[in-house]
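Report on one structure; see the data block that follows.
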Amino acid sequence: MGASNADEELRLLDDVLRSLPPAAVNDLLTLRLCPQCILRLFGKYGPIYTHYSRISTVLAEVVQHQPSSDDPLLKESANEDGICSVCFGILQFICVDEKQTLVNKGCASDFAALIYELARKDGHQADSLSLEVSIPPIIVENENAVRLSMKQKYSSEDWFQEMLQSEFISVKDALKLSITEPLETLLGVKSGSSSFRVRLTYTSSEMPMKTDNGKENNQGSKKRKIGRRSEITDTEVHLKQCSDSLQEIKSFRPLEKISACSLEVLCSSTPIYIGGRYLKYSRNVSQSRWIIDDERMGEASVEEIVGTSILPLCKGDNYKFHAAGREDIDVRMLGSGRPFLLEIQNPRMLPSELSLKEMETKINSLEGKLVKVKNLKVVDEQGWTLMREGEAEKQKQYAALVWISRQLEDKDLVTISSLKDLKLLQRTPVRVLHRRSPLEREKIIHSMSIEKMSGSTQYFLLHLCTQAGTYIKEFVHGDLGRTYPSLGSILGCRVEILQLDVTDVKMDCFLTE
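With the first letter of the sequence shown counted as 1, position 455 gets the number 445 in the numbering used here; the numbers rise by one all the way through.
Spelled out as structure tokens, the structure:
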């Protein structure tokens, strides 16, 4: 900001401060309100909140005080009890940190620097900023009580009627107005809707205020939905609310000893999604981590192999693995692979295309080569929607190694290949009844074909294209009659499935890089 602009801003600030009614300002100072809270109550907001010392000096002149030990402004800054009786130090940039140490930053820029250091230490990369503030209910009660006191004393004054028409500035908004600009400068970003969030949570041990007859007022703790401008509300509405809820209060009585609020600063980023496809070459690897009675089932899982590799790349806190369906642990996933999304929680870094390509190579070169991935890329929430929509509509192709109790005949090949869009009625398989509801589902086998195996008349490969969610193993052997028709009922003999592979998942999701 140039010198002329700064001078003009200070001149405007002086004009605003000198326009305030001296008697009311003096009352508020006597009640130990900080200069920022006084400006809020008169509906004044903007860059003026950053000029703390200037506000204090001019307000002293407004109430015609001479600097002395009796000056409320000097008391407010010098005494250990000089914390604001309404905001409990929030707008004075005074707080108690996580080590229970009293921190007094004194100005917006120093307080913003504190937040910046916490974000920097946490390692977050940001291209924009979303600032969130949470305050204890007692602060809302305090300001409502002060406003009601002003209404009772000054409601007939012209300036009070003008104040009713102005916008009410909450502690949250006043704090944001104070620190957003210096925080933007330090982080090198602009505020707005952002994946990077800084949340300031203030808490207080003070109990809700009491009315003159000793009853506690808890109205300030009611939850309400908020929007982007929800913290700036019409003044008259606020006065009506506090008049209704605090009608037994005759005057605002600040606490004898006021303690600063405790502050917790949390820097976080919204999850990012890494989409791609995986192939599984082992019949002893589950899709997700599988533990029964503290014993691992299988030698590894797709979830862990992929998740533990990609998580450090994004410097996230944790991950969640989502896939378009699943295969059993003893079923391989071949062909073009199965679509999946890896949700990285609180990522501090957004991986580049090159780093994801290198990660593909790393995963695909792991010892044992149990799992491979392809087409890794960062996707938005539409990628999630696309995967879920495709999952409901997809078709899947399989290859199964099958044994029958009699010799395979040429007519069997013709019979099987002639079946198109065969409808099945499948009851929940016996093998999953312990974890699935006992339901009947209608599924479709779109097509089938038999591939003979050289030197064998009772073993063959069965190729199928089916509707998503079809239980293939049960279709082959019938599951004690719980799936009908089955391959066994069609061929009129006993049929067993020995091995099964998923050879394709027909979805347009993550097919290309």
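The beta-carbon is built from N, C-alpha and C at its ideal position, and this holds for glycine as well.
Bridge partners - residue i, DSSP secondary structure assignment
i: residue 507; result: Because residue 507 is not part of the residues shown, which for the chain are -9 to 503, the question remains open.
i: residue 498; result: Partner(s): none; residue 498 has no beta bridge.
i: residue 257; result: 188
i: residue 322; result: 491
i: residue 368; result: 264
i: residue 85; result: 93
i: residue 308; result: 335
i: residue 391; result: 451 and 489
i: residue 439; result: 453
i: residue 247; result: DSSP lists no partner for residue 247.
i: residue 291; result: 276
i: residue 121; result: 188
i: residue 526; result: Given a span of -9 to 503 for the chain in the structure shown, any question on residue 526 remains unanswerable.
i: residue 363; result: 268
i: residue 516; result: One cannot answer for residue 516 here, as it falls past the ends of the chain, which runs -9 to 503.
Cutoff 8 Å; reference residue i; Cβ partners in own chain excluding five residues on either side
i: residue 287; result: 276, 280, 281 and 319
i: residue 86; result: 92, 93, 249, 250, 251, 252 and 253
i: residue 122; result: 187, 188, 189 and 190
i: residue 28; result: 10, 15, 18, 19 and 49
Cβ shell of residue i (< 7 Å), same chain only, five flanking positions each side left out
i: residue 293; result: 277, 278, 279 and 311
i: residue 262; result: 304, 334, 337, 340 and 368
i: residue 401; result: none
i: residue 30; result: 159 and 164
i: residue 483; result: 394, 395 and 396
i: residue 65; result: Model confidence at residue 65 stands at a pLDDT of 47, short of 50, so the residue's coordinates are unreliable and nothing is read from them.
i: residue 441; result: 450, 451 and 453
i: residue 479; result: 468
i: residue 350; result: 363, 364 and 366
i: residue 307; result: 335 and 336
i: residue 257; result: 108, 109, 112, 114 and 188
i: residue 413; result: 432 and 434
i: residue 374; result: 263 and 331
Neighbourhood of residue i by C-beta distance below 6 Å, restricted to the same chain and skipping five residues each side
i: residue 486; result: 393 and 467
i: residue 124; result: 191
i: residue 317; result: 323 and 492
i: residue 431; result: 416
i: residue 133; result: 76
i: residue 67; result: Here the model assigns residue 67 a pLDDT of 41, short of 50, so the residue's position is not dependable and the matter cannot be decided.
i: residue 99; result: 172
Buried versus exposed, by CB contacts within 10 Å (16 or more), residue i
i: residue 302; result: exposed
i: residue 12; result: exposed
i: residue 510; result: As shown, the chain starts at -9 and ends at 503. That puts residue 510 outside it, with no answer to give.
i: residue 137; result: buried
i: residue 195; result: exposed
i: residue 178; result: exposed
i: residue 421; result: exposed
i: residue 175; result: exposed
i: residue 469; result: buried
i: residue 404; result: exposed
i: residue 114; result: buried
i: residue 410; result: exposed
i: residue 270; result: buried
i: residue 214; result: Low per-residue confidence applies at residue 214: pLDDT is 34, beneath 50, and the placement is therefore not dependable, though the value from the model is reported in the following sentence. Answer is exposed; the Cβ neighbour count stays below 16.
i: residue 151; result: exposed
i: residue 459; result: exposed
i: residue 157; result: exposed
i: residue 355; result: exposed
i: residue 502; result: exposed
i: residue 145; result: exposed
i: residue 246; result: exposed
i: residue 456; result: buried
i: residue 69; result: Bear in mind that the predicted position of residue 69 carries a pLDDT of just 43, short of 50, making it too unreliable to give a figure here.
Cβ-Cβ distance between residue i and residue j below 8 Å
i: residue 476; j: residue 453; result: no
i: residue 462; j: residue 390; result: yes
i: residue 492; j: residue 321; result: yes
i: residue 80; j: residue 2; result: no
i: residue 185; j: residue 259; result: yes
i: residue 74; j: residue 24; result: yes
i: residue 327; j: residue 417; result: no
i: residue 167; j: residue 102; result: no
i: residue 300; j: residue 344; result: no
i: residue 170; j: residue 183; result: no
i: residue 472; j: residue 419; result: yes
i: residue 495; j: residue 314; result: yes
i: residue 500; j: residue 265; result: yes
i: residue 255; j: residue 84; result: no
i: residue 289; j: residue 274; result: yes
Closer than 7 Å: residue i CB and nearest the ligand SAM heavy atom
i: residue 344; result: Of ligands this structure carries none, so the ligand SAM is not represented either.
Below 8 Å, how does it come out for the region 396 to 403 and the region 443 to 451: are there three or more Cβ pairs, yes or no? Yes: the two stretches touch, three or more of their Cβ pairs being nearer than 8 Å.
If we count Cβ pairs, one from each stretch, closer than 8 Å, do we get three or more for the region 422 to 439 versus the region 369 to 384? The region 422 to 439 vs the region 369 to 384: no contact.
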